[in-house]
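S.K.: Once you've had a glance at the structure underneath, I'll fire off some questions.
Protein chains: 2
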Amino acid sequence: MKMEIERKFLVSGDGWRAAAGAGQSCEQGYISAAGSGATVRVRRIGEKGFLTLKGASEGIARPECEYEIPVDEADYMLEKFCEGRTVSKTRYVIQSAGMVWEIDEFSGENRGLVLAEIELEAENQAFEKPAWLGEEVSGDPRYYNAALAVNSYSKWGI
Amino acid sequence: MKMEIERKFLVSGDGWRAAAGAGQSCEQGYISAAGSGATVRVRRIGEKGFLTLKGASEGIARPECEYEIPVDEADYMLEKFCEGRTVSKTRYVIQSAGMVWEIDEFSGENRGLVLAEIELEAENQAFEKPAWLGEEVSGDPRYYNAALAVNSYSKWGI
Chain E
589 MKMEIERKFL
599 VSGDGWRAAA
609 GAGQSCEQGY
619 ISAAGSGATV
629 RVRRIGEKGF
639 LTLKGASEGI
649 ARPECEYEIP
659 VDEADYMLEK
669 FCEGRTVSKT
679 RYVIQSAGMV
689 WEIDEFSGEN
699 RGLVLAEIEL
709 EAENQAFEKP
719 AWLGEEVSGD
729 PRYYNAALAV
739 NSYSKWGI
Chain A
589 MKMEIERKFL
599 VSGDGWRAAA
609 GAGQSCEQGY
619 ISAAGSGATV
629 RVRRIGEKGF
639 LTLKGASEGI
649 ARPECEYEIP
659 VDEADYMLEK
669 FCEGRTVSKT
679 RYVIQSAGMV
689 WEIDEFSGEN
699 RGLVLAEIEL
709 EAENQAFEKP
719 AWLGEEVSGD
729 PRYYNAALAV
739 NSYSKWGI
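Chains as they are written, first to last, in the numbering used here: chain E, 589 to 746; chain A, 589 to 746.
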């Protein structure tokens, strides 16, 4: 178990694309819904599968246990255990000013949404904001991937 | 992913104890509740931890994915992710007529309940019933461990 400390931002414009390599296709789904003891996520990214359990957030920190699993089992669970609770996206990784940014460009029902995440060692850790970084949405539960899986961006009426 | 085919019985009397070795202490809890895509169970048995996902039953067969995890992470999840949804039992393994029986003697809120399970290769596989075997309860959802975790045997009013 580790504490994941993460900040999340909207992305402004396409300036990030020049620094992004080839993205990896990522399909993820949610097995347990709100009201249970933890969020249970299954993810297929590229040719790898992962099962991840996340507890309740405390500020921007969140307990997380992650396990790599056989990719065919991830696919099975996405199909059988996550019906109607999946998101599809392409994940790009960008190095900027010594930090690693993960940019998620959503597709399907969340098409049009691009989010940038940075993982920190401490909640108050300083970092340089790239020019393409937009508004922070760390505290907005609508942008949780688990929320986007059931209330997709295209339905927000923005 | 495998299909688990299992039959479950009450246990009659103490005749099984002579053939049972030392049991292993087993604590298990449920992260996801009914209504989600799968049952997510975390188990500590002896000094090992496991995370297990089970889909919907089809007769006595049930899809199951199981992963061994670090025991300290199992303990963490039992404490943080399974509040109010745990069962404690001692598990004994008995060989009988070429088959392996798992006998669960429950404790805590389920004290007094003893169940025997046998895992089969096929739904119609024949096996010899030991003398101590009682009524079959395979189809009775009250005896699911996930159900016993929230509606314990001591509250049934039997």
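Ideal placement from N, C-alpha and C gives every residue a C-beta, glycine not left out.
My guess is that A:A685 and A:E709 are in contact by the Cβ rule of under 8 Å, so how many angstroms apart are they, rounded?
M.R.: Rounded, the Cβ-Cβ distance is 15 Å, inconsistent with contact.
S.K.: Which class does E:K743 belong to by DSSP, given the choice of helix, strand or coil?
M.R.: If DSSP states are grouped into helix, strand and coil, E:K743 belongs with the helices.
S.K.: Nearest CA to the CA of A:A735: which residue from A:E646, A:Y680 and A:V628?
M.R.: Of the candidates A:E646, A:Y680 and A:V628, the one whose C-alpha sits nearest the C-alpha of A:A735 is A:V628.
S.K.: Can you grab the Cα-Cα spacing for the pair E:P729 / A:E707, in whole Å?
M.R.: C-alpha separation (whole angstroms): 43 Å.
S.K.: Does the Cβ of E:N733 have 16 or more other Cβ atoms within 10 Å, making it buried, or fewer, making it exposed?
M.R.: It is buried - the Cβ of E:N733 has at least 16 other Cβ atoms within 10 Å.
S.K.: Compare the beta carbon distance of E:K596 and E:V725 with 8 Å and say whether it is the shorter of the two.
M.R.: Contact flag set, yes.
S.K.: What are the start and end residues of the alpha helix (DSSP H) that includes E:E667?
M.R.: Where E:E667 is concerned, the enclosing alpha helix (DSSP H) stretches over V659 to K668.
S.K.: So what does E:P729 bridge to, in DSSP terms?
M.R.: DSSP lists no partner for E:P729.
S.K.: Would you identify the three-state DSSP class for A:L708, choosing helix, strand or coil?
M.R.: The answer is strand: DSSP assigns A:L708 an E or B state.
S.K.: Roughly how many whole angstroms lie between the Cα atoms of E:Q713 and E:I648?
M.R.: Going from the Cα of E:Q713 to the Cα of E:I648 covers about 12 Å.
S.K.: Does the beta-carbon distance from A:V599 to A:V738 come in below 8 Å?
M.R.: Cβ distance not < 8 Å, so A:V599 and A:V738 don't count as in contact.
S.K.: Establish whether the CB of E:I619 and some CB of chain A are separated by less than 8 Å.
M.R.: Taking Cβ atoms only, chain A reaches closer than 8 Å to E:I619, which makes this a yes.
S.K.: Using a Cβ-Cβ cut-off of less than 8 Å, give me the residues of the region 666–687 of chain A that come near chain E, in sequence order.
M.R.: Residues K668, F669, C670, E671 and R673.
S.K.: Looking at E:A608 and E:I682, is the spacing between their C-beta atoms short of 8 Å?
M.R.: For E:I682 and E:A608, yes; Cβs fall inside 8 Å.
S.K.: In terms of alpha-carbon separation, which member of A:L639, A:I633, A:C614 and A:A610 lies closest to A:S620?
M.R.: Out of A:L639, A:I633, A:C614 and A:A610, A:L639 has the C-alpha closest to the C-alpha of A:S620.
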